[in-house]
Amino acid sequence: MDTSPPHPAPQHVALVYHEGIADAEPIAREMATTIRGCSDGRVADLFSQKDPAYIENLGRYDLAIALGGDGTILRVSHVCARKNIPVLGVNLGRLGFLAELQREDWKPGLEKICTGEYWFEHRMMLHVKQERAERTLGEWDVLNECVVARGGGMKLVQLKTSVDGQPLTTYAADGLIAATPTGSTAYALAAGGPILPPEMHAILLVPVAPHLSVERAVVLPEGAEVVIRVHTESPAVLSCDGHHHSEVLNGDRVSIRVSDRSVRFVRVQGRGYFYRNITTRLNRNPQPGE
1 MDTSPPHPAP QHVALVYHEG IADAEPIARE MATTIRGCSD GRVADLFSQK
51 DPAYIENLGR YDLAIALGGD GTILRVSHVC ARKNIPVLGV NLGRLGFLAE
101 LQREDWKPGL EKICTGEYWF EHRMMLHVKQ ERAERTLGEW DVLNECVVAR
151 GGGMKLVQLK TSVDGQPLTT YAADGLIAAT PTGSTAYALA AGGPILPPEM
201 HAILLVPVAP HLSVERAVVL PEGAEVVIRV HTESPAVLSC DGHHHSEVLN
251 GDRVSIRVSD RSVRFVRVQG RGYFYRNITT RLNRNPQPGE
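All the letters of the sequence shown, read from the start, carry residue numbers 1 to 290 under the numbering used here.
As structure tokens, this is what we get:
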């Protein structure tokens, strides 16, 4: 957490909204008007999350506001992490674990930010690399998790997993999740993993439907490197934050460590907000189509 004094008020703001949510653009326009009205010369520009212009021009801004569900905030956070730009999440979706402001009452919080009354919460990311026969196929930074899982077939995958070069176990399972503390409230939670405090720096391993192998989640320290060697008769899948999907073949190697990048979330709530909000979030039971 950032315990420094109040920060400079943002002067150039990018508002990135989910175009599939009916009121996302109107709320973004209202927020832009509020920002511009705080003082002369402030810039507030609107972008659809599918508009490549916001990615190309994000370096011009000192704050990005993501309006949508957790998926929108996640996508904007990936771009901002590469440019070290802070993110403010506005929840227009269901749970909104990553969001700071809500659809119904965003104005007081935004006005605080416009006067510098906010703090930064730093969320760690994971760096994931896939290799095949000593050739790197791809590298990604993730905020929630990466998952190595069976593909369309019914057979389990065997995932020989080591930590810092030492064997941990071989999971025979539907898959294995490697998550950040941020991701501990996402897929890892659904798979039975623990909830970790967001400011913690650790790697969480959670097997998905393990069969005759270790069932418990494992929490590893920040400096650990996890290596997963995949044994499968049919192609498996590597998923990074649910957005990038890569085919995994027998013998592929997936390595995971803490990334050099992180995401800075802008917060106006008190520092105990996570524990106040978590029960409310988890007690919700969204209806189909909500």
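In this text, a Cβ means the ideal position worked out from N, Cα and C, and glycines have one as well.
If we call anything under 9 Å between Cβ atoms a contact, is residue i one with residue j?
{"i": "Gly242", "j": "Leu74", "result": "yes"}
{"i": "Glu100", "j": "Val268", "result": "yes"}
{"i": "Val218", "j": "Leu238", "result": "no"}
{"i": "Val214", "j": "Ile256", "result": "no"}
{"i": "His231", "j": "Leu159", "result": "yes"}
{"i": "Ala224", "j": "Val147", "result": "no"}
{"i": "Ile113", "j": "Val266", "result": "yes"}
{"i": "Gly116", "j": "Asn144", "result": "no"}
{"i": "Asp23", "j": "Leu92", "result": "yes"}
{"i": "Gly138", "j": "Ser246", "result": "yes"}
{"i": "Ile195", "j": "Thr185", "result": "yes"}
{"i": "Tyr118", "j": "His7", "result": "yes"}
{"i": "Ala236", "j": "Val157", "result": "yes"}
Please report how far the alpha carbon of residue i lies from the alpha carbon of residue j, in whole angstroms.
{"i": "Arg123", "j": "Leu220", "result": "16 Å"}
{"i": "Pro10", "j": "Ile203", "result": "33 Å"}
{"i": "Glu222", "j": "Met200", "result": "9 Å"}
{"i": "Thr161", "j": "Gly69", "result": "33 Å"}
{"i": "Val43", "j": "Ala28", "result": "13 Å"}
{"i": "Ser77", "j": "Val263", "result": "6 Å"}
{"i": "Asn250", "j": "Val142", "result": "23 Å"}
{"i": "His18", "j": "Arg253", "result": "35 Å"}
{"i": "Gly71", "j": "Val248", "result": "24 Å"}
{"i": "Pro198", "j": "Ser39", "result": "33 Å"}
{"i": "Arg276", "j": "Arg150", "result": "37 Å"}
{"i": "Ala64", "j": "Val79", "result": "10 Å"}
{"i": "Pro52", "j": "Val87", "result": "18 Å"}
{"i": "Pro167", "j": "Glu111", "result": "52 Å"}
{"i": "Ala209", "j": "Arg229", "result": "18 Å"}
Which same chain residues end up closer than 6 Å to residue i when comparing Cβ atoms and leaving out the 5 residues on each side of it in sequence?
{"i": "Pro5", "result": "Its pLDDT being 48, under 50, Pro5 is placed unreliably by the model, and nothing is read from it."}
{"i": "Pro108", "result": "none"}
{"i": "Gly89", "result": "Ala66, Ile73, Leu98, Ala99 and Glu100"}
{"i": "Pro207", "result": "Tyr171, Ala173 and Leu176"}
{"i": "Asn57", "result": "none"}
{"i": "Glu25", "result": "Tyr17"}
{"i": "Leu189", "result": "none"}
Who are the near neighbours of residue i in its chain, counting only those whose CB is closer than 7 Å to its CB and skipping five residues on each side?
{"i": "Gly59", "result": "Lys83"}
{"i": "Tyr54", "result": "Ala14, Val16 and Phe47"}
{"i": "Trp140", "result": "Val128, Cys240 and His244"}
{"i": "Lys155", "result": "Glu233 and Ser234"}
{"i": "Ala81", "result": "Met125, Asp141, Arg261, Ser262 and Val263"}
{"i": "Phe274", "result": "Pro197 and Pro198"}
{"i": "Leu212", "result": "Ala172"}
Kindly indicate the opening and closing residues of the beta strand (DSSP E) around residue i.
{"i": "Met125", "result": "Trp119 to Arg132"}
{"i": "Leu220", "result": "Val218 to Pro221"}
{"i": "Arg267", "result": "Arg253 to Arg267"}
{"i": "Leu46", "result": "Val43 to Ser48"}
{"i": "Ile21", "result": "Careful: Ile21 lies outside any beta strand (DSSP E) and carries neither H nor E."}
{"i": "Glu247", "result": "His244 to Val248"}
{"i": "Glu145", "result": "Glu145 to Arg150"}
{"i": "Val214", "result": "Neither: Val214 is in no beta strand (DSSP E) and is coded neither H nor E."}
{"i": "Glu233", "result": "First-last for Glu233: undefined, no H or E at that position."}
By the DSSP assignment, the alpha helix (DSSP H) with residue i in it spans what residues?
{"i": "Ser323", "result": "Since the displayed the chain opens at 1 and closes at 290, residue 323 lies outside it and no answer follows."}
{"i": "Thr195", "result": "Residue identity check: residue 195 is Ile in the sequence provided, not Thr. Careful: Ile195 lies outside any alpha helix (DSSP H) and carries neither H nor E."}
{"i": "Pro207", "result": "Here Pro207 belongs to no alpha helix (DSSP H); instead the beta strand (DSSP E) covers Ala202 to Val208."}
{"i": "Arg60", "result": "Where Arg60 is concerned, there is no enclosing alpha helix (DSSP H), given that its DSSP letter is neither H nor E."}
{"i": "Leu110", "result": "Trp106 to Cys114"}
Between which residues of its own chain and residue i is the CB-CB distance below 8 Å, once the five residues before and five after are set aside?
{"i": "Thr136", "result": "Lys129 and Gln130"}
Fill in: Any alpha helix (DSSP H) of 4 or more consecutive residues that is wholly inside the stretch 154-200
Counting only unbroken stretches of 4 or more residues, the alpha helix (DSSP H) elements lying wholly within the stretch 154-200 are 187-190, in sequence order.
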